[in-house]
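Contents: one structure, followed by commentary.
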């Protein structure tokens with residue numbers, strides 16, 4: 029389950045994946061315009077603090093999991109807490125505390141598959157993804173633009189669905205679809221931007237974690 033959570037860090041903060049197997053020029057153009065606006069807006073924020081709900085479902089396997097979380101970001105730095113799991117990056121190094129595995133994984137940002145930094149996906153989104161505008165609909169009283177995203181190259185998720193608030197291009201929810209019938213939904217709640225965030229949030233402090241946890245250094 030944790031491996032399914034990790035890509036959300038990049039998706040949440042960049043909101044700019046592009047993709048669809050079939051070509052729909054007008055729908056792709058609309059998606060590109062919407063995602064570019066969303067990306068530019070998010071990148072303009074000096075800091076962000078976002079509360080969200082995570083829900084994993086697999087009907088065939090009768091699995092439903094729900095957790096709440098919060099992510100703080102400042103430039104390329106982030107700290108995400110979801111359930112009892114903690115993910116920290118100072119922009120160069122990543123520390124992932126995985127509670128169910130009772131491990132802390134350490135790695136360099138550039139070594140992380142999928143790019144787990146706020147702007148990593150923005151560096152090459154036009155090469156790896158293409159998006160298609162699907163429709164407008166109402167979600168929780170808001171008009172949202174729905175965009176489907178499919179990677180050009182195979183990966184664990186074969187499709188993403190992104191909902192952007194039509195009034196301000198902020199991310200409302202994302203759904204990731206895996207190849208085994210699972211869906212992973214992240215619905216954003218309270219969001220604060222451009223406020224003061226303590227830089228200590230983005231620094232790994234060994235004392236914050238159990239003394240006997242296994243540390244796996246992958247650098």
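Residue numbers (the numbering used here): 29 to 247.
All C-beta atoms in this analysis are idealised placements derived from N, C-alpha and C, irrespective of residue type, glycine included.
1. Give the range of the alpha helix (DSSP H) segment to which residue 164 is assigned.
2. May I have the straight-line CA-CA distance separating residue 203 from residue 184, to the nearest angstrom?
3. Suppose you measure from the CA of residue 158 to the CA of residue 215; what does that come to, to the nearest Å?
4. Spell out the partners DSSP gives residue 179 in its beta bridges.
5. Could you give the first and the last residue of the continuous beta strand (DSSP E) run that contains residue 220?
6. Looking at the structure shown, is residue 192 part of a helix, part of a strand, or coil, going by DSSP?
7. Where does residue 72 fall in DSSP's three states?
8. Closest by CA to residue 191, which one among 210, 114 and 166?
9. Among 56, 57 and 64, which has the Cα closest to the Cα of residue 198?
10. Residues in its own chain within less than 7 Å of residue 232 by CB, not counting five upstream and five downstream?
11. What would DSSP say about residue 56, mapped onto helix, strand or coil?
12. Are the CB atoms of residue 175 and residue 246 nearer to each other than 8 Å?
13. Give the DSSP bridge partners of residue 94, in chain order.
14. List the DSSP bridge partners of residue 102.
In terms of the structure at hand:
1. For residue 164, there is no enclosing alpha helix (DSSP H); the enclosing beta strand (DSSP E) covers residues 157-167.
2. Distance between the alpha carbons of residue 203 and residue 184: 13 Å.
3. Cα-Cα distance, rounded: 23 Å.
4. Residue 179 is bridged to 157.
5. Annotation: the continuous beta strand (DSSP E) that includes residue 220 extends over 211-221.
6. Residue state, collapsed to three classes: strand.
7. Of the three classes helix, strand and coil, the one that applies to residue 72 here is helix, per DSSP.
8. It is 166 whose Cα lies nearest to the Cα of residue 191.
9. Ranking 56, 57 and 64 by Cα distance to residue 198 puts 64 first.
10. For residue 232, where only same-chain residues beyond five positions count, the Cβ hits under 7 Å are 116 and 123.
11. Residue 56 sits in a helix when the DSSP states are folded into three classes.
12. The answer is no: Cβ separation not under 8 Å.
13. Paired residue(s): 83.
14. Answer by DSSP bridge pairing, in chain order: 75 and 105.
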